[in-house]
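Peer 1: Quick one: this structure, given as structure tokens, is what I'll be asking you about.
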Amino acid sequence: MTIKRIIMQAVVLLIFGCNLGFSYGVKEIILEYEHSMRLENKSIIISLEEITDLQKQIKVVTGSVQIDGMIQPELTKEIEADVFKTLFIRCTELNLHEIIIGGSGLSGFGGDGNNVTLSFRNSLSGEASVTVWTPSAVPERRKLEEFYAITMDIFKLFGLEELY
1 MTIKRIIMQA
11 VVLLIFGCNL
21 GFSYGVKEII
31 LEYEHSMRLE
41 NKSIIISLEE
51 ITDLQKQIKV
61 VTGSVQIDGM
71 IQPELTKEIE
81 ADVFKTLFIR
91 CTELNLHEII
101 IGGSGLSGFG
111 GDGNNVTLSF
121 RNSLSGEASV
131 TVWTPSAVPE
141 RRKLEEFYAI
151 TMDIFKLFGL
161 EELY
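Residue numbers (my numbering): 1 to 164.
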């Protein structure tokens, strides 16, 4: 009887754990920008996060900005779900292999510039990330047009395009 009871408790915990794990879906886009020469605004991290309560069908999308290690509360805001969805789809459609091959041999070219890392994840399917040196430098030749457009659109969401 004790073994039967332990098995039943384990099954209940497993079912509860599965329901807990799948009750929320999280999608996230994180953009990390670091300039090699700036003293101010050298490091910018922009986070966009969509949290969906799958049981209640409630979706909340928020965005936050961190500049030089300091969270910028005035730039924290709710993002329209359609805007986030479009950005997320564009991220997933990037040809990361082509970006890596197209940029080979140019990393650090010229010395000055910036490193831009675009990471995106879906709690149900995984994460992808790519780092590019100065996406604005010959984006056509390096096959970075869409990468550059996505990252610039994220900066524009917060009115930070002049810092790119």
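Every residue gets a Cβ at the ideal spot worked out from N, C-alpha and C, and that includes glycine. Just so you know, these numbers come straight off a predicted model, no measurement behind them.
Assess, as a yes-or-no matter, whether the segment 62 to 76 is touched by the segment 153 to 164 under the definition of 3 or more beta carbon pairs within less than 8 angstroms.
Peer 2: Contact between the segment 153 to 164 and the segment 62 to 76 is present, because at least three Cβ pairs lie under 8 angstroms.
Peer 1: Count the CB pairs spanning the segment 72 to 85 and the segment 113 to 133 that are closer than 8 angstroms, and state whether there are at least three.
Peer 2: Output reads no: the segment 113 to 133 does not touch the segment 72 to 85.
Peer 1: Once the 5 residues before and after N115 are set aside, which same chain residues still bring their CB inside 7 angstroms of it?
Peer 2: Within the same chain, N115 has close Cβ partners E34, T131 and W133.
Peer 1: Alpha carbons only, please: which of S47, F147 and I45 is nearest the one belonging to R90?
Peer 2: Among S47, F147 and I45, the Cα nearest to that of R90 belongs to F147.
Peer 1: Under the assumption that L87 contacts I150 (Cβ atoms under 8 angstroms), give the Cβ distance between them as a whole number of angstroms.
Peer 2: Yes, L87 and I150 are in contact; Cβ-Cβ is about 7 angstroms, under 8 angstroms.
Peer 1: Do you know offhand how far L48's Cα is from I154's?
Peer 2: The straight-line gap from Cα to Cα measures roughly 9 angstroms.
Peer 1: Looking only at C-alpha atoms, which of A137, E145, E162 and A128 sits nearest to I29?
Peer 2: Checked all of A137, E145, E162 and A128; the closest Cα to I29 is A128.
Peer 1: At 4 residues or longer, and completely inside the segment 28 to 88: list those alpha helix (DSSP H) runs for me, N to C.
Peer 2: You should have found no qualifying run.
Peer 1: State buried or exposed for K77, treating a residue as buried only when at least 16 other CB atoms are found within 10 Å of its CB.
Peer 2: Flag for K77 reads exposed.
Peer 1: With H, G and I counted as helix, E and B as strand and the rest as coil, what does DSSP make of R142?
Peer 2: If DSSP states are grouped into helix, strand and coil, R142 belongs with coil.
Peer 1: Considering only residues of the same chain and omitting the five flanking positions on each side of V60, which have a CB-CB separation below 6 angstroms?
Peer 2: Closer than 6 angstroms at the Cβ level, and outside the excluded window around V60, lie I51.
Peer 1: Given that a residue counts as buried once 16 or more other Cβ atoms are within 10 Å of its Cβ, and exposed if not, what is V11?
Peer 2: Any reading at V11 is ruled out, since the residue's pLDDT is 45, under 50, leaving its predicted position unreliable.
Peer 1: Here's the rule I'm using: 16 or more other beta-carbon atoms within 10 Å means buried, otherwise exposed. How should L144 be labelled?
Peer 2: Buried, because 16 or more other Cβ atoms sit within 10 Å of the Cβ of L144.
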